[in-house]
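Data first, discussion second: the structure below is written as structure tokens.
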Amino acid sequence: MQDLMKKIVSLCKRRGFVYQSSEIYGGLKSAYDFGPLGVELKRNIMNAWWRDMVHRREDVVGIDASIIMHPRVWEASGHLAGFADPLVDCLVCKERFRADKAPTADEGAAVTLTFADKGVAKRALEIVEKQFGVVLERDGKDLKGAVAGDRGYLCPNCGSPWLSAERQFNLMFRSSLGATDAMDGVAEAIEQGALEGLAGRDLRAKLDELMKPSAVYLRPETAQAMFVQYDNVLQSMSMKVPFGIAQMGKSFRNEITVEHFIFRSVEFEQMEMEFFCEPGTDDAWMDYWRDERMKWWKKFANEPDKFRLRPHEPDELAHYAKGCYDVEYLYPWGWGELEGIANRTDYDLGKHAKYSGQKLDYFDPTERKRYVPYVIEPAAGATRGLLVYLIDAYHEEEVDGETRAVLRLHPQLAPIKVAVLPLTKKDGLPELARKVVDAFFRRGINAKYDEQHSIGKRYRRHDEIGTPWCLTIDPQSLEDGTITIRDRDTMEQRRIAIDGAVREVEDLLHQEA
RNA sequence: GCGGGAGUAGCUCAGUGGUAGAGCGCGACCUUGCCAAGGUCGAAGUCGCGGGUUCAAAUCCCGUCUCCCGCUCCA
2 MQDLMKKIVS LCKRRGFVYQ SSEIYGGLKS AYDFGPLGVE LKRNIMNAWW RDMVHRREDV
62 VGIDASIIMH PRVWEASGHL AGFADPLVDC LVCKERFRAD KAPTADEGAA VTLTFADKGV
122 AKRALEIVEK QFGVVLERDG KDLKGAVAGD RGYLCPNCGS PWLSAERQFN LMFRSSLGAT
182 DAMDGVAEAI EQGALEGLAG RDLRAKLDEL MKPSAVYLRP ETAQAMFVQY DNVLQSMSMK
242 VPFGIAQMGK SFRNEITVEH FIFRSVEFEQ MEMEFFCEPG TDDAWMDYWR DERMKWWKKF
302 ANEPDKFRLR PHEPDELAHY AKGCYDVEYL YPWGWGELEG IANRTDYDLG KHAKYSGQKL
362 DYFDPTERKR YVPYVIEPAA GATRGLLVYL IDAYHEEEVD GETRAVLRLH PQLAPIKVAV
422 LPLTKKDGLP ELARKVVDAF FRRGINAKYD EQHSIGKRYR RHDEIGTPWC LTIDPQSLED
482 GTITIRDRDT MEQRRIAIDG AVREVEDLLH QEA
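All you need for this note's numbering is the position in the first sequence, starting with 1, plus 1.
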């Protein structure tokens with residue numbers, strides 16, 4: 002199975018889909034560049050998404066927001082919490098909290114863990130026994146018999162003493178806005194002795210205070226811009242709820258671990274849509290978008306069965322979400338996320354209303370009522386989509402004892418739509434072939450003229466990069482004005498008129514999806 | 001974060017202290033003319049990077065970077 006990933010990574014580099022970032026300098030961890038074919042594939046995926054989510058609907062409009070936003074946005078959204086404070090995870094209930102705000106407990110003190118209900122308490126009992134080898138005694142929703150450790154505090158949610166180490170979580174990339182370096186202020190403070198005697202958490206807090214006036218952050222998701230600009234879009238476009246705002250673009254996250262080639266990287270591209278609807282209609286819209294998005298991924302796939310929907314368990318839901326489905330794909334290493342469709346309720350608009358002091362509620366003129374819309378968010382990974390469709394398309398088969406590698410990409414996703422090949426380099430065949438390829442260029446169809454090496458090699462080269470059709474100009478073309486068109490997947494050929502070649506390919510291209 | 005593996009030509013890899021190699025790919029020419037054909041010639045390597053041991057290091061030692069795998073973590 003891992004062979005498959007190795008082959009794909011190798012093909013990506015060899016044929017110009019994906020390169021390691023800054024490779025001549027030794028490479029940069031978890032950053033990748035898209036080559037000439039990769040950028041085509043990625044754009045084709047993103048354009049198909051935009052076409053289906055925005056252009057083919059009248060209830061969704063798009064925006065393209067700046068990557069750097071007002072820092073208060075991230076305070077409101079909750080992303081900034083914990084940036085300066087050590088965070089701790091409870092290993093039992095998964096709550097993440099600030100160590101300095103947690104309830105205190107002396108080492109050795111008896112501790113009782115308390116949960117929302119008996120069911121959750123039962124699960125916690127098993128976790129503690131399995132992971133920490135301690136058998137507690139359950140009494141209803143309480144667990145008794147635990148002892149506080151030397152940390153001096155407990156989980157504020159369940160009271161557990163089983164906690165992760167204190168860590169600074171810098172989820173977001175911090176930068177500074179302004180031509181003067183924020184470090185100047187720090188240097189000055191040191192010279193003036195303002196940091197004298199400070200240590201640990203206090204020093205950290207003082208430094209943050211000095212950096213804060215110029216601190217800005219690279220967005221960790223595109224979503225917040227849609228909430229922040231919700232009212233502008235509503236007013237300027239005369240939108241009526243229900244409606245959606247879509248956006249594609251880069252996001253940045255300092256992931257704890259990066260893995261699986263471009264699957265999880267610190268810089269990645271998202272395709273997100275926030276759909277604003279009336280509370281009470283949100284469950285129906287959730288079902289609608291869940292099904293729409295699933296259908297969308299499957300329609301470009303060779304193996305639709307490798308996509309599935311997985312509802313989040315109640316205990317893995319984000320704090321703001323009422324419900325969430327993941328679109329998952331069966332990667333070579335197992336099922337993994339591709340898109341999340343979440344019911345974010347009125348959490349984000351409510352938070353931004355509170356932090357900005359602006360009214361973000363909606364007045365329905367026909368129903369004559371006022372409410373803060375609920376939001377259904379289908380948030381897809383564009384870079385993950387690229388990886389998924391490469392894996393889905395990669396195929397090897399035996400042809401006359403040789404292995405044929407072919408990328409069975411959906412024609413609308415294929416980087417190059419058509420290869421134009423003179424059978425040989427003689428007898429005027431290249432000249433005629435040039436005329437054919439020019440006709441495609443004039444129509445804006447990404448075509449490729451190729452006369453290098455034997456015809457068999459050229460077919461295989463284009464199979465490997467997913468070119469759906471090869472047009473071959475042979476001596477007969479000079480006589481009767483016909484050429485052959487070869488199908489990538491079946492390798493079958495038929496003769497068509499040169500004059501109708503562009504039309505033929507356009508028809509094939511628009512046939513599906 | 002922990003553990004394991006890897007890094008030598010564009011790709012896949014061989015090379016265990018003594019002259020840097022193969023296959024494929026790439027370029028030119030010839031041949032050929034519909035599914036990775038053949039021939040001739042050619043270009044291409046800071047052996048990941050830095051330091052050390054040695055008369056001598058791709059090879060041994062230390063550090064470091066990057067990638068892969070497993071666990072952990074994260075959403």
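C-beta atoms are modelled at their ideal positions from N, C-alpha and C, and glycine is treated no differently.
**Asked** Is Thr282 helix, strand or coil when you go by DSSP?
**Response** Position 281 of the first sequence, counted from the first residue, corresponds to residue 282. DSSP places Thr282 in coil when its eight states are reduced to three.
**Prompt:** Excluding sequence positions up to five away, which residues of its chain have a Cβ less than 8 angstroms from the Cβ of Glu329?
**Reply:** The count along the first sequence starts at 1 and reaches residue 329 at position 328. Around Glu329: Phe308, Arg309, Leu310, Arg311, Trp336, Gly337, Glu338, Leu339.
**Request:** State the Cα-Cα distance for the pair Asn344 and Arg124, rounded to the nearest angstrom.
**Result:** Counting from one through the first sequence, the residue named residue 344 turns up at place 343. Counting from one through the first sequence, the residue named residue 124 turns up at place 123. In a straight line, the C-alpha of Asn344 is about 26 angstroms away from that of Arg124.
**Request:** Taking the CB atoms as reference points, tell me whether Ile349 and Ser67 lie closer together than 8 angstroms.
**Result:** Here residue 349 refers to the residue found at position 348 of the first sequence. Here residue 67 refers to the residue found at position 66 of the first sequence. What sits at residue 349 in the sequence shown is Asp, not Ile. Not a contact, by the Cβ cut-off of 8 angstroms.
**Prompt:** Are the beta-carbon atoms belonging to Ala224 and Glu378 less than 8 angstroms from one another?
**Reply:** The count along the first sequence starts at 1 and reaches residue 224 at position 223. The count along the first sequence starts at 1 and reaches residue 378 at position 377. Cβ distance < 8 angstroms, so Ala224 and Glu378 count as in contact.
**Prompt:** Going by DSSP, which residues form a beta bridge with Met492?
**Reply:** Mapped onto the first sequence, residue 492 falls at position 491. According to DSSP, residue pairing for Met492 in a beta bridge does not occur.
**Message:** Let me check one thing: in DSSP terms, what residues is Glu268 bridge-paired to?
**Reply:** Position 267 of the first sequence, counted from the start, is the residue given in the question as residue 268. Bridge partners of Glu268: Phe253.
**Asked** Helix, strand or coil: which one does DSSP assign to Thr181?
**Response** As a working note, residue 181 is residue 180 in the first sequence. Coil, per DSSP.
**Asked** Are Tyr332 and His261 closer than 8 angstroms when you measure CB to CB?
**Response** Here residue 332 corresponds to residue number 331 of the first sequence, with the count starting at 1. Here residue 261 corresponds to residue number 260 of the first sequence, with the count starting at 1. Cβ distance < 8 angstroms, so Tyr332 and His261 count as in contact.
**Prompt:** Roughly how many angstroms separate the alpha carbons of Lys7 and Lys323, rounded to a whole number?
**Reply:** Against the first sequence, residue 7 aligns to sequence position 6. Against the first sequence, residue 323 aligns to sequence position 322. Going from the Cα of Lys7 to the Cα of Lys323 covers about 39 angstroms.
**Residue from Pro37, Gly179, Met212 with nearest C-alpha to Ala188** = Taking the first sequence and counting its residues from 1, one reaches residue 188 at position 187. Considering only alpha carbons, the answer is Met212.
**Prompt:** How many whole angstroms separate the CB atoms of Cys278 and Val234, which I take to be in contact at a CB cut-off of 8 angstroms?
**Reply:** As a first step, residue 278 must be located in the first sequence, where it is residue number 277. As a first step, residue 234 must be located in the first sequence, where it is residue number 233. Actually they do not touch by this definition, with Cβ atoms about 15 angstroms apart.
**Request:** Classify Gln132 as buried or exposed, calling it buried when 16 or more other Cβ atoms lie within 10 Å of its own Cβ.
**Result:** Reading the first sequence from its first residue, position 131 is the one you call residue 132. Gln132 sits exposed, since fewer than 16 C-beta atoms from the chains shown fall within 10 Å of its C-beta.
**Own chain, CB closer than 7 angstroms to Val267, minus 5 neighbours either side, in chain order** = Numbered from 1 along the first sequence, position 266 holds the residue referred to as residue 267. Counting only Cβ-Cβ distances below 7 angstroms, and skipping sequence neighbours, we find Ser31, Ala32, Phe253, Arg254, Asn255, Glu256, Val259.
**Request:** Have a look at the DSSP bridge pairing and note the partners of Phe301.
**Result:** Within the first sequence, the letter at position 300 stands for residue 301. Answer is none; Phe301 lacks a bridge partner.
**Residues near Leu155 by beta carbon distance below 7 angstroms, same chain, minus five either side** = Counting from 1 along the first sequence, the entry for residue 155 is found at position 154. Result list for Leu155: Ala103, Pro104, Ala106, Val112, Ala149, Ser161, Pro162, in chain order.
**Asked** So Lys370 is in the alpha helix (DSSP H); what residue range does that whole segment cover?
**Response** The residue labelled residue 370 in the question sits at position 369 within the first sequence. First-last for Lys370: 370-372, but that is the beta strand (DSSP E), not the alpha helix (DSSP H).
**Request:** Specify, as a first and last residue, the run of the beta strand (DSSP E) that Asp140 falls within.
**Result:** As a first step, residue 140 is located in the first sequence; it is residue number 139 there, counting from the start. Note, Asp140: beta strand (DSSP E), 138-140.
**Prompt:** How would you label Thr491, buried or exposed, when you count the other beta carbons within 10 angstroms and need 16 or more for buried?
**Reply:** One-based indexing of the first sequence puts residue 491 at position 490. It is exposed - the Cβ of Thr491 has fewer than 16 other Cβ atoms within 10 Å.
**Message:** Could you pull the DSSP bridge partners for Pro157 from this structure?
**Reply:** Here residue 157 is taken as the residue at index 156 of the first sequence, counted from 1. Answer by DSSP bridge pairing: none, since Pro157 is not bridged.
**Item:** Start and end residues, alpha helix (DSSP H) containing Ala110
**Value:** The residue given as residue 110 occupies position 109 in the first sequence. Segment: none, Ala110 is in no alpha helix (DSSP H) and carries neither H nor E.
**Asked** Taking the continuous alpha helix (DSSP H) assigned at Pro221, which residues delimit it?
**Response** By one-based count along the first sequence, residue 221 stands at place 220. No alpha helix (DSSP H) holds Pro221; DSSP gives it neither H nor E.
**Where Asp439 falls: helix, strand or coil (DSSP)** = As a working note, residue 439 is residue 438 in the first sequence. For Asp439, the secondary structure class from DSSP, reduced to helix, strand or coil, is helix.
**Prompt:** Using CA coordinates, which residue listed in Val74, Leu144, Ala100, Arg152 is at the minimum distance from Glu108?
**Reply:** For this step, residue 108 is matched to residue 107 along the first sequence. Minimum Cα distance to Glu108 is reached at Arg152.
**Prompt:** Would the beta-carbon of Glu448 fall within 8 angstroms of that of Val407?
**Reply:** One-based indexing of the first sequence puts residue 448 at position 447. One-based indexing of the first sequence puts residue 407 at position 406. Looking at the sequence shown, residue 448 is not Glu but Ala. No, Cβ-Cβ distance for Ala448 and Val407 is not below 8 angstroms.
**Item:** Environment of Tyr525 [buried if 16+ CB atoms lie within 10 Å]
**Value:** There is simply no residue 525 to check, as the chain begins at 2 and stops at 514 in what is shown.
**Prompt:** With 16 other CB atoms within 10 Å as the buried threshold, where does Arg495 fall?
**Reply:** Looking up residue 495 in the first sequence gives position 494. Exposed, because fewer than 16 other Cβ atoms sit within 10 Å of the Cβ of Arg495.
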